[in-house]
Amino acid sequence: MIRKAEFVISNSNPGNCPKPDRAEIAFIGRSNVGKSSLINMLTNKKGLAKTSQTPGKTQLINHFLINDQWYLVDLPGYGFAKVNVKVKEGWENMIKTYLTKRENLCGVFILIDSRLEPQKIDLEFLLWCGVNGVPAALIFTKADKLSKTKTEQNVRKFLKKTEEIFEEAPDYFVTSAENQMGKDEVNAFLEELVREYENGAAE
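Residue numbers for the sequence shown follow the UniProt record's numbering, so the first one is 1 and each next one is one higher.
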């Protein structure tokens, strides 16, 4: 259960992140997937992560300290964003360096828009995580926007695609920031990841 969430630091250099002395879980997704809204829902803090109508608003690695115990990290989106190619390449390198070099990273949630058919860019990013040993789980967002049946169809299609890439589908959650759907399940999973990390660190 997230009782306390406070902003710690934003930066564009993975080397300047806080000391890797506690569990860290990152959230990433295509621009405009509803990442900030989801983080605000999970932490019960409306303005914690900045929401925007402009895709690509998150351009930095943002660290939040949760329950004085672990870090939640809001990463820049991938894909569509109105920035020049050079800036975009810089972001991508920053994200990849962070995901592969951050030793206390114990989980990455890849956010997927449940309203859409499977998107190549999401599948490619998931594959990149798999190849690079980045521990990823999926969160399908905006589940209140379509009928339950249509949402389930899109989720199933995406999971089927992931099974073609990997032997089995990753852990996944279906959520809505509007009506708090999936909140308890995601929070329980976050706690489990933190607990596993702390048990491992204690050994």
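Glycine is no exception: its CB is placed at the ideal position from the N, C-alpha and C atoms.
In this structure residue 29 touches residue 110 by the C-beta definition: roughly 6 angstroms separates them, less than 8 angstroms. Restricting attention to 76, 104, 108 and 128, the CA atom closest to the CA of residue 94 is found in 76.
Note on residue 38: 16 or more other CB atoms within 10 angstroms of its CB, so buried under the neighbour-count rule.
For the pair of segments examined, the segment 132 to 145 was found to touch the segment 168 to 188: the number of CB pairs separated by less than 8 angstroms reaches three.
As DSSP reads the structure, residue 70 sits in a beta bridge with 66. Judged by DSSP in its simplified three-state form, residue 102 adopts coil rather than helix or strand.
The Cβ neighbour count for residue 102, taken over all protein chains shown within 10 Å, is at least 16; the residue is labelled buried. Counting along the chain, no beta strand (DSSP E) covers residue 197; the unbroken alpha helix (DSSP H) around it starts and ends at 183 to 202.
Counting C-beta pairs closer than 8 angstroms gives three or more between the segment 151 to 170 and the segment 113 to 125, which meets the contact rule. Of all alpha-carbon atoms in 11, 160 and 18, the one lying nearest the alpha-carbon of residue 104 is that of 18. The beta carbon of residue 194 is closer than 6 angstroms to those of 23 and 70 in its chain, skipping five residues each way along the sequence.
In its chain, beyond the 5 residues on either side, 78 have a beta carbon closer than 8 angstroms to the beta carbon of residue 92. Within its own chain, the residues whose Cβ lies closer than 6 angstroms to the Cβ of residue 127, once the five positions on either side in sequence are excluded, are 165, listed in chain order. Between residue 62 and residue 50, the alpha-carbon positions lie close to 10 angstroms from each other.
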